[in-house]
Amino acid sequence: MDQRKALSWVNKNIKAFGGDPSKVTIFGESAGGWSVKQLLINPPSPPQFHAAILQSQAFGPQADNEKSWDTLVEELNCNKSNTTSSDLECVANAKVDSIRSALQSRGLAFTPVFDNSTNGPVPILIGTNADEGTLLASVMPPPELLLDGIFGNDTASKRLARSAYPADVTDDELKSLITTDYTYTCTTSMIARTAASTGQRVWRYYFNASFPNNQPFPEAGVWHTSEIPLVFGTYNEDNRTTAEQRRLSRTMQQAWGDFAKSPELGPG
671 MDQRKALSWV
681 NKNIKAFGGD
691 PSKVTIFGES
701 AGGWSVKQLL
711 INPPSPPQFH
721 AAILQSQAFG
731 PQADNEKSWD
741 TLVEELNCNK
751 SNTTSSDLEC
761 VANAKVDSIR
771 SALQSRGLAF
781 TPVFDNSTNG
791 PVPILIGTNA
801 DEGTLLASVM
811 PPPELLLDGI
821 FGNDTASKRL
831 ARSAYPADVT
841 DDELKSLITT
851 DYTYTCTTSM
861 IARTAASTGQ
871 RVWRYYFNAS
881 FPNNQPFPEA
891 GVWHTSEIPL
901 VFGTYNEDNR
911 TTAEQRRLSR
921 TMQQAWGDFA
931 KSPELGPG
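Start counting the sequence shown at 671; every next residue gets the next number (the numbering used here).
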């Protein structure tokens with residue numbers, strides 16, 4: 671709701687800052703990219719943005735919606751105190767604080783529902799980094815549990831997925847590879863293909879520039895968020911920054927800017 675409010679404010683006030691409300695581009699990275707994805711699936715009405723950039727958007731939280739709903743109804747006592755109204759009406763009439771308390775105390779989550787009835791048919795620039803998972807591997811469960819979470823009891827699929835990666839990698843390297851593919855690359859491919867199949871203009875990028883002077887730890891590679899300083903030009907202005915980094919930053923800023931100015935023409 672806060673993002674929708676911000677978009678509404680921008681549309682109403684951007685002219686006062688020299689902006690054009692008919693040329694609003696939303697973009698975000700990681701969780702921000704996930705938010706952009708949700709706005710594309712369920713856009714404000716009337717539309718308040720005209721293009722979208724998704725950097726390293728991730729596979730969102732998964733949940734059993736029916737189980738979460740039943741638990742929420744139970745926590746709000748809807749199935750006990752409301753004999754004449756529906757559970758939906760009961761939840762809709764519940765106090766926000768009561769709903770928030772129930773969600774937090776029971777750890778409830780709801781996966782977005784895709785009903786194919788609404789979408790934001792705007793041009794999209796979307797992409798990922800080559801090594802998204804390196805920054806996250808240390809907090810991930812062992813590779814076997816990662817694959818269990820993806821494929822459940824489907825042993826054949828787990829065996830096939832494991833065979834896609836080198837046999838001699840360390841557990842951390844394998845966790846990084848799985849996370850990069852499953853959480854970022856594959857979902858980004860799915861979004862790009864789905865949007866393109868509906869006639870949307872889609873441009874896909876793949877960021878694979880690795881610089882030794884910006885590695886947070888050895889072998890980080892092209893880690894999650896590493897493109898952000900280049901997109902915004904906020905890399906360190908010191909002797910460690912190379913001419914190649916500066917050129918790449920200018921190129922990326924030009925591409926992002928061109929896309930925002932003329933989304934239908936792409937990033938140039």
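The C-beta atom is built at its ideal place from N, Cα and C for all residues, glycine as well.
Query raised in the report: So, using beta-carbon positions, are ASN749 and ALA800 closer together than 8 Å?
Result: no
Requested in this report: Could you pull the start and end residues of the alpha helix (DSSP H) that GLU699 belongs to?
Outcome: GLU699 -> not in any alpha helix (DSSP H); beta strand (DSSP E) instead, spanning 695–699.
Query raised in the report: chain D beta carbons: is any one of them nearer than 8 Å to that of ARG770?
Result: Structure shown: chain D not included; a single protein chain is present.
Query raised in the report: Roughly how many angstroms separate the alpha carbons of THR853 and SER846, rounded to a whole number?
Result: 10 Å
Query raised in the report: Where does LEU710 land, buried or exposed, given buried means 16+ other C-beta within 10 angstroms?
Result: buried
Requested in this report: Please state if the CB of LEU806 and the CB of HIS894 are separated by a distance shorter than 8 Å.
Outcome: yes
Query raised in the report: Do the stretch 770–782 and the stretch 735–742 touch if we need at least three Cβ pairs shorter than 8 Å?
Result: yes
Query raised in the report: Excluding five sequence neighbours on each side, which residues of the same chain lie with their C-beta closer than 8 Å to the C-beta of ALA728?
Result: SER700, ALA701, GLY703, TRP704, THR853, TYR854, THR857
Query raised in the report: Are the Cβ atoms of GLN718 and SER678 separated by less than 8 Å?
Result: yes
Query - contact_flag[the stretch 856–876, the stretch 756–763] where n(CB pairs < 8 Å) is 3 or more - result: no
Query raised in the report: With GLN885 and VAL901 assumed to form a contact (beta carbons below 8 Å), what rounded beta-carbon distance in angstroms separates them?
Result: With a Cβ gap of about 18 Å, GLN885 and VAL901 do not count as contacting.
Report task. Determine, using beta carbons only, whether HIS720 and VAL694 come nearer to each other than 8 Å. Result -> yes
Query - Whole-number beta carbon distance between VAL792 and ALA722, since they are thought to touch under 8 Å - result: 6 Å
Requested in this report: Just tell me which of PRO813, GLY797, LEU746, MET671 has its CA closest to the CA of ALA772.
Outcome: LEU746
Query - Range covered by the alpha helix (DSSP H) that runs through ASN681 - result: 672–683
Query raised in the report: Nearest to ASP851 by alpha carbon, out of GLN870, ILE820, PRO713, VAL872?
Result: ILE820
Query - Expected contact under 8 Å - CB spacing of GLY891 and THR825 to nearest Å - result: Incorrect: roughly 31 Å between the Cβ atoms, too far for contact.
Report task. With a threshold of 16 other CB atoms inside 10 Å of the CB of PHE887, please say whether the residue is buried or exposed. Result -> exposed
Requested in this report: Per DSSP, which residues does TYR875 bridge with? Please list them.
Outcome: GLY797
**Report entry** CA nearest to the CA of ARG871, picked from PHE929, ASN763, SER738
**Finding:** PHE929
Query raised in the report: Is it true that the CB of ARG674 sits closer than 8 Å to the CB of PRO714?
Result: yes
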